[in-house]
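Visitor: Everything in the sequence shown is counted per full-length UniProt numbering, starting at 1 for the first residue and increasing by one.
Don't be surprised by glycine CBs; every beta carbon is placed ideally from N, CA and C.
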Amino acid sequence: MVLESRRGIVVRASSSPDSTDPSDPIAPLRMESPTGQFLSQILISHPHLVPAAVEQQLKQLQTEWDTEQKKEELSASGTDLVLYRRIAEVKANERKRALEEILYALVVQKFMDADVSLVPAITPSSKNSSGQVYAASVMYGYFLKRVDERFQLEKTMKILPNGSDSEGSSIEKAVREDIRSAGDYLAVSSHLEVSSWSGGFGNRIKPSRLRTYLMSFDGDTLQRFATIRSKEAVSIIEKQTEALFGRPEIVLTPQGTVDSSKDELIKISFGGLRKLVLEAITFGSFLWDGESFVDSRYHFVMN
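(1) How many angstroms separate the CA atom of Phe286 from the CA atom of Ser40?
(2) Residues in its own chain within less than 7 Å of Ala243 by CB, not counting five upstream and five downstream?
(3) Should Ser130 be labelled buried (16 or more other beta-carbon atoms within 10 Å of its own) or exposed?
(4) Within 8 Å, do at least three Cβ pairs link the region 273-291 to the region 132-139?
(5) Taking the alpha-carbon of Arg211 as reference, which of Ser296, Gly272, His48 and Leu144 has the nearest alpha-carbon?
(6) Excluding five sequence neighbours on each side, which residues of the same chain lie with their C-beta closer than 6 Å to the C-beta of Gly36?
(7) Quick check: the Cα distance between Leu61 and Val116, rounded to an integer number of angstroms?
(8) Any idea what DSSP makes of His48, helix, strand or coil?
(9) How about Gly284 and Leu103: do their beta carbons lie closer than 7 Å?
(10) For Val138, name the three-state secondary structure that DSSP assigns.
(11) So is Asp218 buried or exposed if we call it buried at 16+ other beta carbons inside 10 Å?
(12) If you reduce the DSSP assignment to three classes, tell me which class Met112 lands in.
(13) Please confirm whether any heavy atom of the ligand PLP lies closer than 6 Å to the CB of Leu118.
(14) Only counting the same chain, and skipping five residues up and downstream in sequence, which positions put a Cβ closer than 8 Å to that of Leu160?
(15) If you follow the alpha helix (DSSP H) that Ala233 is part of, which residue opens it and which one closes it?
(16) My guess is that Gly141 and Ile281 are in contact by the Cβ rule of under 8 Å, so how many angstroms apart are they, rounded?
(17) Specify, as a first and last residue, the run of the alpha helix (DSSP H) that Arg30 falls within.
(18) Does the distance from the C-beta atom of Val50 to that of Gln109 stay below 7 Å?
(19) For the alpha helix (DSSP H) holding Leu160, just list the boundary residues, first then last.
(20) What first and last residue would you give for the alpha helix (DSSP H) that runs through Phe225?
(21) Assuming Asn128 contacts Pro248 (C-beta within less than 8 Å), just tell me the rounded distance between them.
(22) Taking all protein chains shown into account, decide if Asp295 is buried (16 or more other Cβ within 10 angstroms of its Cβ) or exposed.
(23) What's the gap between the Cα of Met112 and the Cα of Glu232?
(24) From Phe38 to Ala98, what does the alpha carbon distance come to, in whole angstroms?
(25) Go through its chain and collect everything with a Cβ distance to Ser235's Cβ below 6 Å, but skip five positions before and after it.
(26) What residues in its chain sit with their C-beta under 8 Å from that of Glu64, if we drop five residues either side in the sequence?
(27) Using the beta-carbon count (16 or more within 10 Å), is Ile42 buried or exposed?
Written out as structure tokens, the structure reads:
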């Protein structure tokens with residue numbers, strides 16, 4: 001496995017670090033729905049048009065949903081009703097897949113705007129532990145962005161808890177400064193400034209202020225903030241992780257424990273792992289942005 005920095009963070013599994021194929025996918029997860037395939041083409045040919053294309057697709061989904069709701073009100077009883085419900089279930093699953101891939105396209109487009117390459121699929125090598133770390137880091141980035149929005153709202157309303165309202169820099173400064181301390185990451189840090197990415201964290205909370213702010217949460221609030229809001233976002237995290245690391249092979253022993261003897265090993269440097277985690281945290285932040293954007297136009301998030 002070759003770790004290298006080109007437009008940002010890249011992990012390539014190849015025999016030559018200089019070999020690049022223009023036909024390589026721009027993201028590890030392959031979008032399969034008609035909506036996803038359409039957005040994939042836009043991402044490749046005209047990435048700046050993705051927001052407009054998403055708006056168009058969301059309007060189409062909303063129109064289809066409204067039409068189905070009217071049909072349901074007029075639907076007959078008996079056999080026709082059963083058939084209609086089956087068709088409606090199929091269409092609901094298609095809409096769910098379309099929403100998932102719209103979210104994914106928005107996340108990928110943000111990485112492209114930042115001129116940072118997503119880590120491509122890792123060839124068969126390790127898997128379960130690395131995949132769990134990646135997925136947990138995505139959820140952590142999602143959590144940080146959610147807390148950051150709450151902080152900004154309370155700051156605007158001047159209701160922050162004592163000790164949380166002093167001036168400071170971004171939440172993600174803690175992550176960035178920690179990564180910069182790793183010697184084998186210094187070459188990348190000159191290319192990557194997470195706080196400058198559109199949709200990332202602005203000049204906001206210092207790590208110490210974040211800790212103080214989080215300590216003011218009660219258990220129920222903390223649990224709610226640590227929850228992903230939509231099934232579609234959860235599915236995208238799972239699919240992105242699987243696209244990178246493959247489907248985990250979970251084998252249970254007769255005693256009911258997980259047999260890790262068949263888990264493949266991955267060779268990745270400490271700096272490479274830090275890059276992967278930073279991408280995952282940022283992916284989670286962008287996923288929150290995409291989810292909020294889509295929900296403002298096509299309500300699907302369950303509060």
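Guide: The structure says:
(1) Straight-line measurement puts the Cα of Ser40 at about 17 Å from the Cα of Phe286.
(2) Closer than 7 Å at the Cβ level, and outside the excluded window around Ala243, lie Pro28, Leu29 and Ala121.
(3) Burial call: buried.
(4) Contact holds between the region 132-139 and the region 273-291, because three or more Cβ pairs, one in each stretch, are under 8 Å apart.
(5) It is Leu144 whose Cα lies nearest to the Cα of Arg211.
(6) In chain order, Glu101 place their CB closer than 6 Å to the CB of Gly36, counting only its own chain and leaving out the 5 sequence neighbours on each side.
(7) The C-alpha of Val116 is placed about 30 Å away from the C-alpha of Leu61.
(8) In the structure shown, His48 sits in a helix (DSSP, three-state: H, G or I).
(9) Not in contact: Gly284 and Leu103 (Cβ atoms no closer than 7 Å).
(10) Three-state result, Val138: helix.
(11) With fewer than 16 Cβ atoms within 10 Å of its Cβ, Asp218 is classed as exposed.
(12) Under the three-state reduction of DSSP, Met112 is assigned to helix.
(13) Absence of the ligand PLP from the depicted structure is noted, as is the absence of any ligand whatsoever, leaving it without description.
(14) Cβ neighbours of Leu160 beyond the five flanking positions: Phe151, Glu154 and Tyr213.
(15) In the DSSP assignment, Ala233 falls within the alpha helix (DSSP H) that extends over Lys231 to Phe245.
(16) Indeed, because the Cβ distance is near 4 Å, the residues count as touching under 8 Å.
(17) Segment: none, Arg30 is in no alpha helix (DSSP H) and carries neither H nor E.
(18) In this structure, the beta-carbon distance from Val50 to Gln109 falls below 7 Å.
(19) Element bounds for Leu160: n/a, residue is neither H nor E.
(20) Its alpha helix (DSSP H) spans residues Gly219 to Phe225.
(21) Pro248 and Asn128 do touch by the CB rule: their CB atoms are close to 5 Å apart, below 8 Å.
(22) Buried: at least 16 other Cβ atoms inside 10 Å.
(23) Between the alpha carbons of Met112 and Glu232 lies a distance of about 22 Å.
(24) The alpha-carbon separation between Phe38 and Ala98 amounts to approximately 11 Å.
(25) Cβ neighbours of Ser235 beyond the five flanking positions: Glu100.
(26) Taken in chain order, the residues that qualify are Lys91 and Arg95.
(27) With 16 or more Cβ atoms within 10 Å of its Cβ, Ile42 is classed as buried.
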